[in-house]
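Engineer: Protein chains in written order, with this note's numbering: chain A, 17 to 291; chain B, 144 to 410.
#1: Fully enclosed by the stretch 223-261 of chain A, which beta strand (DSSP E) runs are 3 residues long or longer?
#2: Taking a Cβ distance cut-off of 9 Å, strictly less, list which residues of the stretch 198-215 of chain A are near chain B, in chain order.
#3: Where does residue 66/A sit, in a helix, a strand or coil, going by DSSP?
#4: Is it true that the stretch 268-279 of chain B meets the stretch 339-357 of chain B, where meeting means three or more beta-carbon pairs spaced less than 8 Å apart?
#5: Are residue 168/B and residue 267/B close, meaning C-beta to C-beta below 8 Å?
#6: Can you give the beta carbon distance from residue 279/A to residue 191/A, rounded, assuming they're within the 8 Å contact cut?
#7: Assign residue 284/A to one of two classes, buried (16 or more other C-beta atoms within 10 Å of its C-beta) or exposed (fewer than that).
#8: Using a Cβ cut-off of 7 Å, which residues of the stretch 329-349 of chain B contact any Cβ in chain A, in chain order?
#9: Could you have a look at residue 200/B and say whether DSSP puts it in helix, strand or coil?
#10: What's the gap between the Cα of residue 250/A and the Cα of residue 216/A?
#11: Along chain B, which residues have their Cβ under 8 Å away from the Cβ of residue 63/A?
#12: Nearest-angstrom Cα distance between residue 109/A and residue 115/A?
#13: Would you say the beta carbon of residue 100/A is closer than 7 Å to some non-hydrogen atom of the ligand MN?
#14: Quick one: which chain A residues come within Cβ less than 7 Å of residue 183/B?
#15: Pair every Cβ in the stretch 231-249 of chain B with every Cβ in the stretch 193-209 of chain B, then say whether three or more of these pairs are closer than 8 Å.
#16: Nearest-angstrom Cα distance between residue 183/B and residue 79/A?
#17: Decide if residue 265/A is buried, meaning its Cβ has at least 16 other Cβ atoms within 10 Å, or exposed.
#18: Reducing DSSP to helix, strand and coil, say where residue 282/A ends up.
#19: List, in order along the chain, the chain A residues whose C-beta lies closer than 7 Å to that of residue 196/B?
#20: Would you identify the three-state DSSP class for residue 159/A, choosing helix, strand or coil?
#21: Are the stretch 158-174 of chain A and the stretch 66-76 of chain A in contact at 8 Å, needing three or more beta carbon pairs?
#22: So that I know if they touch, is there some Cβ in chain A lying closer than 8 Å to that of residue 204/B?
#23: For the stretch 200-229 of chain B, which residues have a beta carbon sitting closer than 7 Å to at least one beta carbon of chain A?
#24: Under a Cβ-count criterion, where at least 16 other Cβ atoms within 10 Å of its own Cβ denotes burial, should residue 144/B be classed as buried or exposed?
#25: Please classify residue 126/A: does DSSP put it in a helix, a strand, or coil?
#26: How is residue 186/B classed by DSSP in three states: helix, strand or coil?
#27: Report yes if the CB atom of residue 84/A is closer than 8 Å to the CB atom of residue 168/A, and no otherwise.
#28: Between the Cα of residue 387/B and the Cα atoms of 402/B, 254/B, 287/B and 226/B, which residue gives the shortest distance?
#29: In angstroms, rounded to a whole number, what distance separates the CA positions of residue 241/B and residue 396/B?
#30: Measuring only the C-alpha atoms, how far is residue 269/A from residue 262/A?
#31: If you run the structure through DSSP and keep just helix, strand and coil, what is residue 153/A?
#32: In angstroms with no decimal places, state the Cα-to-Cα distance between residue 151/A and residue 144/A.
#33: Check whether the Cβ of residue 77/A lies closer than 8 Å to any Cβ atom in chain B.
#34: With a CB to CB cut of under 6 Å and the five nearest residues on each side skipped, what residues in its chain are close to residue 175/B?
#35: Within the 8 Å Cβ cut-off, does residue 53/A reach chain B?
#36: Could you tell me which of 44/A, 81/A and 58/A sits nearest to residue 248/A, measuring between CA atoms?
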């Protein structure tokens, strides 16, 4: 009975998210332009540091000079972390502003279920957008990958679940601070920056490199590049896989724990309806 | 005045504004700086190629000047865009619109506020880049202020156009991405514009920020005087005023459209 109620609520939340997405056509149109908008500056940066079409300096860090492949894969993986942070955290802020958070949460269903179900559609949309990104970047920048896609998914899926755990913790912070923009922008930027989405993490100073190795996204970025474009990984792939799977459990359990603790506090203090 | 005061009260109400002012300017250029370090390689072998197209080996200074301007434009875009959009979401836009004042005055109120925010953000950025990143800026403070000031008409012209777009399409995030993304690509924020193909360089000439950034780099990292940057500054100013006129026309047209179609309160 309880499961049925939760599934019904999950279906409704998924449908709300889908309807909102398709209600604003500019969002979908942007899918075609977004990769070009974000990757072009890096593409030209790479060109300005290259001689005779070869980025020799970059090759020293990554094992080959395919900086476009490096950037596009980083962009695709980063888009999942952005989705985890923005879709989970910002959906709460939107519900606060629309004045429906308190009434939605009075439904007799699991809050994290509501939160994730709304975000789930965004992950489906992000996957579709990433496929479009690949196609657009193939034509715009000559981006290509090998055929190890199944192996890549094996590393990516537990990594995304780990990021959702982190997103749940971030959305709990939004409940307290009430300002989603700054918190999400800051946290997603820090995580993306430290995980080497757009640069080889070997350029980081030793202390920051160590922090970077504590973030699961670093291993998702690194293993994806090693699998799809044959770049040199920072450590053997089997160890990276173990770390990603372990972090999936840790982040989901810790993220949910933080969320429930903060939610309970907000309910007791009557903070849910204010923003 | 009332709009500017309300915006200020709202911003300071959320303690996260400190992140926007102090932490964000430090973090934002970092991704580009670290990418540049990665592209240059461990022996800095890529710097010679960069020098040949950018005219400087100071790639950190080059990047932070671009990102400072970009953050400024970005702040104005978000302030202008979310100002109207938030009122729509809260259901207060229509009632505010009933006030017997020119509707563009709402935007001017928002603009005054974002002017203060942007000026503070730029000041904090310069201090942080000098003392945290150790970037040496050339020229006097007065010449820095002047080189940024010539971009004001362009920023607010574009902001008004943007606010009109948000009022029309009822969506802020995607619209912000499109506008700031175009600026990021065309104006040479993180790379020298000379590396772009000819057709892109041609389009970039219609953006006032291309000239504003060029003037600022001449003064702040290449050691040039105001006279050296004068041509760029005048073009930036001229194009900026054209943007302001276009922005005002767009806003009037969209305001009439949403009023006639009764779509002001929809979102």
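Just so it is clear, CB atoms sit at the ideal spot from N, CA and C, and this is done for glycine as well. Computed from a predicted model, the values in this text were never measured in an experiment.
Structural biologist: Reading from the atomic positions:
#1: none
#2: 198, 199, 201, 202, 205, 206, 208, 209, 212, 213, 214 and 215
#3: For the purposes of this step, residue 66/A is taken as the residue at position 50 of the first chain. Note: residue 66/A maps to coil in three-state DSSP.
#4: Under the Cβ criterion (8 Å, minimum of three pairs), the stretch 268-279 of chain B does not count as touching the stretch 339-357 of chain B.
#5: Numbered from its first residue, the second chain carries residue 168/B at position 25. Numbered from its first residue, the second chain carries residue 267/B at position 124. Yes; because the gap between Cβ atoms is below 8 Å, this pair is in contact.
#6: For the purposes of this step, residue 279/A is taken as the residue at position 263 of the first chain. For the purposes of this step, residue 191/A is taken as the residue at position 175 of the first chain. Their Cβ separation, rounded to whole angstroms, is 7 Å, which keeps residue 279/A and residue 191/A in contact under 8 Å.
#7: Locating residue 284/A in the first chain gives position 268, counting from the first residue. By the Cβ neighbour-count rule, residue 284/A is exposed, with fewer than 16 other Cβ atoms within 10 Å of its own.
#8: 332, 333, 334, 335, 338 and 339
#9: Position 57 of the second chain holds residue 200/B. Coil, per DSSP.
#10: Numbered from 1 along the first chain, position 234 holds the residue referred to as residue 250/A. Numbered from 1 along the first chain, position 200 holds the residue referred to as residue 216/A. Cα-Cα distance, rounded: 10 Å.
#11: In the first chain, the residue the question calls residue 63/A occupies position 47. In chain order: 334 and 338.
#12: Residue numbering aside, residue 109/A sits at position 93 when the first chain is read from its first letter. Residue numbering aside, residue 115/A sits at position 99 when the first chain is read from its first letter. For residue 109/A and residue 115/A, the distance between alpha carbons rounds to 10 Å.
#13: The ligand MN is not part of the structure shown, which contains no ligands of any sort.
#14: Counting from 1 along the second chain, the entry for residue 183/B is found at position 40. For residue 183/B, the chain A residues whose Cβ falls inside 7 Å of its Cβ are 65 and 73, in order along the chain.
#15: no
#16: Position 40 of the second chain, counted from the start, is the residue given in the question as residue 183/B. Position 63 of the first chain, counted from the start, is the residue given in the question as residue 79/A. Straight-line measurement puts the Cα of residue 79/A at about 14 Å from the Cα of residue 183/B.
#17: Taking the first chain and counting its residues from 1, the one referred to as residue 265/A is at position 249. It is exposed - the Cβ of residue 265/A has fewer than 16 other Cβ atoms within 10 Å.
#18: Counted from its first residue, the first chain places residue 282/A at position 266. Three-state DSSP puts residue 282/A in a helix.
#19: Here residue 196/B refers to the residue found at position 53 when the second chain is read from its first residue. Within chain A, the residues near residue 196/B are 64.
#20: The residue labelled residue 159/A in the question sits at position 143 within the first chain. In this structure, residue 159/A counts as coil in the three-state DSSP scheme.
#21: Taking a cut-off of 8 Å for Cβ pairs, the stretch 158-174 of chain A and the stretch 66-76 of chain A do not touch, as fewer than three such pairs fall below it.
#22: As a first step, residue 204/B must be located in the second chain, where it is residue number 61. Residue 204/B does not count as touching chain A.
#23: none
#24: On the second chain, residue 144/B is found 1 positions in, with the first residue counted as 1. Label assigned to residue 144/B: exposed.
#25: On the first chain, position 110 is the one that residue 126/A refers to. Annotated three-state conformation of residue 126/A is coil, per DSSP.
#26: For this step, residue 186/B is matched to residue 43 along the second chain. Three-state DSSP puts residue 186/B in coil, outside helix and strand.
#27: Within the first chain, the letter at position 68 stands for residue 84/A. Within the first chain, the letter at position 152 stands for residue 168/A. Not a contact, by the Cβ cut-off of 8 Å.
#28: Taking the second chain and counting its residues from 1, one reaches residue 387/B at position 244. It is 254/B.
#29: The residue you call residue 241/B lines up with position 98 of the second chain. The residue you call residue 396/B lines up with position 253 of the second chain. Each residue's alpha carbon lies about 18 Å from the other.
#30: Here residue 269/A is taken as the residue at index 253 of the first chain, counted from 1. Here residue 262/A is taken as the residue at index 246 of the first chain, counted from 1. For residue 269/A and residue 262/A, the distance between alpha carbons rounds to 11 Å.
#31: Mapped onto the first chain, residue 153/A falls at position 137. DSSP places residue 153/A in helix when its eight states are reduced to three.
#32: Working through the first chain from its first residue, we reach residue 151/A at position 135. Working through the first chain from its first residue, we reach residue 144/A at position 128. Inter-residue distance for residue 151/A and residue 144/A is about 11 Å (C-alpha atoms, whole angstroms).
#33: Here the question's residue 77/A lines up with position 61 in the first chain. Output row for residue 77/A: interface = yes.
#34: As a working note, residue 175/B is residue 32 in the second chain. Closer than 6 Å at Cβ, skipping near neighbours: 206 and 333.
#35: Here residue 53/A is taken as the residue at index 37 of the first chain, counted from 1. Yes, because at least one Cβ of chain B sits closer than 8 Å to the Cβ of residue 53/A.
#36: By 1-based counting over the first chain, the position of residue 248/A is 232. Comparing Cα-Cα distances from residue 248/A to each of 44/A, 81/A and 58/A, the minimum goes to 81/A.
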